[in-house]
Amino acid sequence: MLKELKTADGSITFFSEKFNEAYHSVTAGAFRESVEKFCIPCKVEEKVRKKGELNLFDVCFGLGYNTVAFLDTVFKANPKAKVSVVGFEMNLSVIGSSLKVNWKEYEIWKPIIRTALKNKGCEKGFLSLNYVDERIRLKIFIGEGRAILKAFGERFYGFADAIFHDPFSPKVNPELWTLEFFSILRRIIKDDGILATYSAASPVRRALLMAGFGVKEGIALGRKSKSTVASPSFKTEEKLLKKFKISTKAIPFRDLTLSDPPELIRKRQQACVKILERTLALTPIY
């Protein structure tokens, strides 16, 4: 049974006992966060008006709010648009439970998710949920994110106009915030595509930079720190580059085989930070 939480905009989110975190920002509002931290920074409205077609890669589908906010934004801007959404989610029950809560103005999109839940497939041993009509193609893989990227990542190289990167936080879910994970996302995104994530953590931003993204600050919504926006087409902000140089905390999480236990990934990064701090403390200044 998933615990429901009411967020600031009146929408409902769930609380994960496994990660001890809510699926969305309670103080910002779940649907507001989907629009303002993901759709707007990724320029969904502007791009679909210009191109007429748009592809989304949704990292951690969760309750489905980010995807339905994407669909709503797209078709309000361009009713004749065509879109393709690919994503993944570990917990199938979250998707089903989400359909039982009030989606407010997004209720009109529930039939698509219901249909996808009925149209199950099996690809390389992974369950997939599927929906196709003349305007929308939706495929959600069910399983652990790294395993799905290893199995299917190559199929989607050059696919995404936008990536919504929305796992639980790096401190509890570090395996989806590593340099190696972002390196695959770099291959999935188009050169002019945009990735948006709520995290402002320096290890995350530096990992994005090292993976081939230009990195900028996003907005502050529901928290003091600003979110992050990244694209191969961006030039990384100078203040971020300076912070990477002077901060001993900006060491990325690493997971060379995309299979290490989360605790090992976390401890490895912490150990590297301590080694760097100790080295700098012992370095003589002339």
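Residue numbers for the sequence shown, in full-length UniProt numbering: 1 to 286. Quick reminder that beta carbons are idealized off the backbone N, C-alpha and C, glycines included. Every value quoted in this text rests on a predicted model; they were computed, and no experiment measured them.
Exercise. Out of curiosity, what's the CA-to-CA distance linking Y65 and L241?
Worked result: Approximately 33 Å between the Cα atoms of the pair.
Problem set entry | Every unbroken beta strand (DSSP E) inside the region 159 to 214 [3 residues or more] | If you keep only unbroken beta strand (DSSP E) runs of at least 3 residues inside the region 159 to 214, you get 160 to 165, 189 to 197.
For this session: Would you list the residues sitting across from I140 in a DSSP beta bridge?
Result: Answer is G87, L129, bridged to I140.
For this session: Assign I12 to one of three DSSP states: helix, strand, or coil.
Result: In the structure shown, I12 sits in a strand (DSSP, three-state: E or B).
Problem set entry | Proximity below 9 Å, CB of L258 to CB of L149 | The answer is yes: Cβ separation under 9 Å.
Exercise. Residues in its own chain within less than 7 Å of S225 by CB, not counting five upstream and five downstream?
Worked result: The residues are A200.
Problem set entry | Segment contact flag, the region 110 to 120 with the region 131 to 143, C-beta cutoff 8 Å, min 3 pairs | For the pair of segments examined, the region 110 to 120 was found to touch the region 131 to 143: the number of CB pairs separated by less than 8 Å reaches three.
Exercise. What do you reckon, are the CB atoms on E175 and F181 nearer than 9 Å?
Worked result: Taking 9 Å as the cut-off, the beta carbon of E175 is found closer than this to the beta carbon of F181.
Exercise. Would you say L117 faces chain D, with C-beta separation under 9 Å as the test?
Worked result: Going by chain labels, chain D is absent from the structure shown, which holds only one protein chain.
Exercise. Per DSSP, what kind of secondary structure is V26 in: helix, strand or coil?
Worked result: In the three-state reduction of the DSSP assignment, V26 falls in the coil class, being assigned neither a helical nor a strand state.
Exercise. Straight-line CA distance for K110 to K243?
Worked result: Near 43 Å, if we compare the C-alpha coordinates of K243 and K110.
Exercise. DSSP on E53, reduced to helix/strand/coil?
Worked result: DSSP places E53 in strand when its eight states are reduced to three.
Exercise. Can you check whether the CB of I163 is closer than 9 Å to the CB of I194?
Worked result: In contact: I194 and I163 (Cβ atoms closer than 9 Å).
Exercise. DSSP state of E123, grouped into three classes?
Worked result: Collapsing the DSSP output to three states places E123 in a strand.
For this session: Starting from the Cα of K190, find the closest Cα among E217, F152, L221, A230 and give me that residue.
Result: For K190, the closest of E217, F152, L221, A230 by C-alpha to C-alpha distance is A230.
Exercise. Which residues in the same chain as T67 place their Cβ atom closer than 6 Å to its Cβ, once the five residues preceding and following it in sequence are excluded?
Worked result: Here the set comprises D58, V85.
Exercise. How big is the Cα-Cα spacing for R137 and I188?
Worked result: Here the C-alpha atom of R137 lies approximately 17 Å from the C-alpha atom of I188.
Exercise. How would you call S128, buried or exposed, if buried means at least 16 neighbouring beta carbons within 10 angstroms?
Worked result: Buried: at least 16 other Cβ atoms inside 10 Å.
Exercise. Candidates L185, A211, Y23: which alpha carbon is nearest A160's?
Worked result: Checked all of L185, A211, Y23; the closest Cα to A160 is L185.
Exercise. In chain order, what residues of the same chain lie with their CB nearer than 7 Å to the CB of R266, ignoring the 5 residues before and after it?
Worked result: Excluding sequence positions up to five before and after R266, its CB lies within less than 7 Å of the CB of P174, all in the same chain and listed in chain order.
Problem set entry | Residues near G121 by beta carbon distance below 7 Å, same chain, minus five either side | When the five nearest sequence neighbours on each side are left out, the beta carbons in the same chain lying within less than 7 Å of the beta carbon of G121 are those of S128, N130, in order along the chain.
For this session: Confirm, please, whether the CB-CB distance from E36 to L208 is below 9 Å.
Result: Remark: C-beta atoms of L208 and E36 do not approach each other more closely than 9 Å.
Exercise. Leaving out five residues before and five after E89 in sequence, what residues of the same chain have Cβ atoms less than 7 Å from its Cβ?
Worked result: Excluding positions up to five away in sequence, the list reads C60, F61, G62, I95, I140, I142.
Problem set entry | Opening and closing residue of the beta strand (DSSP E) in which S231 lies | Where S231 is concerned, the enclosing beta strand (DSSP E) stretches over 228 to 231.
For this session: Using beta-carbon positions only, say whether F253 and P170 come within less than 9 Å of one another.
Result: Result yes, Cβ atoms of F253 and P170 sit closer than 9 Å.
Exercise. At which residues does the alpha helix (DSSP H) containing K100 begin and terminate?
Worked result: No residue range can be given for K100, since it is assigned to no alpha helix (DSSP H) and is classified by DSSP as neither H nor E.
Problem set entry | Own chain residues within Cβ distance below 6 Å of E45, not counting five before or after | These residues qualify, in order along the chain: T73, A77.
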